[in-house]
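Residue numbers (the numbering used here): 1 to 401.
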Amino acid sequence: MKAQPADIIRQEDIKLTPELIIIFTPLTFIAGNWYLSALFILSAFAFLFLRYFSFKDHEISFSQLLPWGLMLMWGLYVCYITPDPVKAVKYYTGTMLLPFFIFILFRNMRIDEKTLTRFFDSMLISGAVIGMYSVYIFFSYNMRSDMRVPSFWNDFNMVSMYLMVLFMFNLSFLIKNRHSDKIFFYLFTITFILFGIYLTKTRGVWLAMIISIAVFFIRKPKIIIPVFLFFGVMVLFFFNIIEERFLSVVNFDQDKSSLGRLQAWYSTVLIILKNPFFGYGFDTYYLYKYDVFSYYIVDVPHPHNTYLRAIQESGLIGAVIYFFLFFKASIYSFTKGRTKCDPVYEKFFDGLQLSFIGLIVAFNFEPYLSLFGVTTIVIWILISLTFRLKDFPAAKKIKTI
């Protein structure tokens, strides 16, 4: 294409936009590598500011500056008290700076219903690929009932949480589907997403899904039929796995994994009580755990709890600051979801409500706001999207990519 003078270049002449990059970003979640996904997010962030400074046709706005300012400043303090400076920089970047960039990005991107649908379709495709590979591994090892399959990721519990979030949105889209040509797509993706969840054998996620759907059922009873249908199929396929994990909960006093987790929680509480308000620094549980117990049933590297880990690392003050936006977004997903004037966005609010309920429960069992996989990125995308949709009725209609 012939070059044009800078003063007559139009926005339409640029094909690569931050919205397009974000739409394809979920495909990087397949690998479960937060560095790769962060590269795409930062690229979208760079294109957002390039568009602003080059064309002056799009304003950059900010919100929630006080909680973000407190979080970033307290994060610097946590970096200072972290013994390992490399680890301090990595955790500050991945759990604080990157979420800040995500929040600004979703605040200022040109988003409408079609763009969001494409973004979540991309997420569902990533989940289906993860689930299909899990099924492939499962059959390759002769369908052993004692196997736990993490697919492409390195951690069973982290990939299970990601698939849980995808299931929540997939279910919402299936119920709210208005286009018969997409029913097969949603049925196909939700099937393999459920396969992936069950093959991880993550009891905390299973419990989170049950509680989340139960709460949602109280509000919207019509979802009970599709939910029972899908769970019934999964029980028929994987009855032995479900029975084994259920019995491990019932007989937790004989289950090494359950006892090890209880000890991890208790040891973290004992560590916190020695310094409850100011914390010990990023990823420091393993440095202090032998100060409270000399022997561990399971040699765990972290507290196996999102809330306890945040308090242990950042102190009670830092944890309250960090979780403020998460719980605020959770509330918004319900309060703003009920008052949306445009019904096309209801399916997104339903998915957000299901996801936040599930996450609040799942946080009790694993450190999901960490650098394991891309769970932190996914959670902050949900938070950022909620704040963006909250203001959507006043947003100007724009052309989609």
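A virtual CB, placed ideally from N, CA and C, is assigned to each residue, including glycine. Note that the coordinates shown come from a computational prediction; the quantities given were computed from them, not determined experimentally.
Flag this pair as yes or no: are the beta carbons of residue i and residue j separated by less than 7 Å?
i      : j      : result
Ile130 : Val149 : no
Ser160 : Ile197 : yes
Phe323 : Met158 : no
Ala362 : Val215 : no
Tyr186 : Leu174 : yes
Pro276 : Leu316 : yes
Val374 : Trp34  : yes
Leu352 : Thr376 : no
Ser384 : Ile102 : yes
Met109 : Pro18  : yes
Ala319 : Ala310 : yes
Leu20  : Thr28  : no
Met73  : Ile321 : no
Between the alpha carbons of residue i and residue j, how many angstroms are there, rounded?
i      : j      : result
Leu76  : Lys90  : 12 Å
Leu247 : Leu262 : Any answer about Leu247 is weak, because its pLDDT of 48 lies below 50 and its placement is not dependable; what the coordinates show is given next. Their Cα atoms are separated by approximately 17 Å.
Leu166 : Pro301 : 27 Å
Arg388 : Tyr295 : 48 Å
Ile60  : Lys390 : 17 Å
Phe184 : Asn170 : 12 Å
Ile297 : Ser267 : 12 Å
Tyr332 : Asp84  : 37 Å
Lys87  : Val78  : 11 Å
Thr306 : Asp181 : 40 Å
Gly281 : Val269 : 15 Å
Val249 : Ile357 : Here the model assigns Val249 a pLDDT of 48, short of 50, so the residue's position is not dependable and the matter cannot be decided.
Tyr285 : Tyr52  : 43 Å
Ile81  : Gly69  : 19 Å
Met54  : Met209 : It should be noted that the sequence gives Ser, not Met, for residue 54. Cα to Cα, Ser54 sits roughly 45 Å from Met209.
Ser370 : Leu359 : 14 Å
Asp155 : Asp299 : 16 Å
Gly279 : Leu354 : 31 Å
Tyr141 : Phe152 : 16 Å
Val135 : Ile272 : 41 Å
Leu48  : Ile41  : 11 Å
Ala38  : Lys274 : 35 Å
Phe217 : Leu194 : 19 Å
Pick out whichever of the options has its Cα sitting closest to the Cα of residue i.
i      : options                        : result
Trp265 : Leu287, Gln312, Phe278         : Gln312
His304 : Asp291, Trp153, Tyr368, Phe356 : Tyr368
Met123 : Met73, Thr200, Ala31           : Ala31
Ile22  : Phe49, Trp68, Lys87, Phe119    : Phe119
Thr189 : Ile213, Leu163, Lys201, Leu199 : Leu163
Leu325 : Trp380, Trp34, Lys114          : Trp380
Ser258 : Ala329, Asn364, Leu97          : Asn364
Pro26  : Asn108, Leu50, Gly127          : Gly127
Thr191 : Thr82, Phe29, Ile125, Asp299   : Ile125
Phe348 : Ser212, Met168, Asp299, Pro83  : Met168
Asn177 : Ile210, Phe195, Asp121         : Asp121
Leu382 : Leu20, Leu105, Leu72           : Leu105
Ser172 : Phe139, Ile213, Phe195         : Ile213
With a threshold of 6 Å, establish whether the CB of residue i neighbours any heavy atom of the ligand GTP.
i      : result
Pro303 : For the structure depicted, the ligand GTP is absent and the ligand set is empty, with no information on it obtainable.
Q. Can at least three beta-carbon pairs, one atom from the segment 58-65 and one from the segment 341-350, be found at a separation below 8 Å?
A. no
Q: Starting from the N-terminal side, write out each stretch of the beta strand (DSSP E) that is 3 residues or longer and does not extend beyond the segment 296-351.
A: none
Q) How about the segment 286-302 and the segment 92-103: do they share at least three Cβ pairs that are nearer than 8 Å? A) no
Q) Curious, which full-length alpha helix (DSSP H) runs of at least 4 residues does the segment 170-220 contain? A) 183-200, 203-219
(Q) Give the list of continuous alpha helix (DSSP H) stretches no shorter than 4 residues that lie fully inside the segment 73-123. (A) 85-92, 98-108
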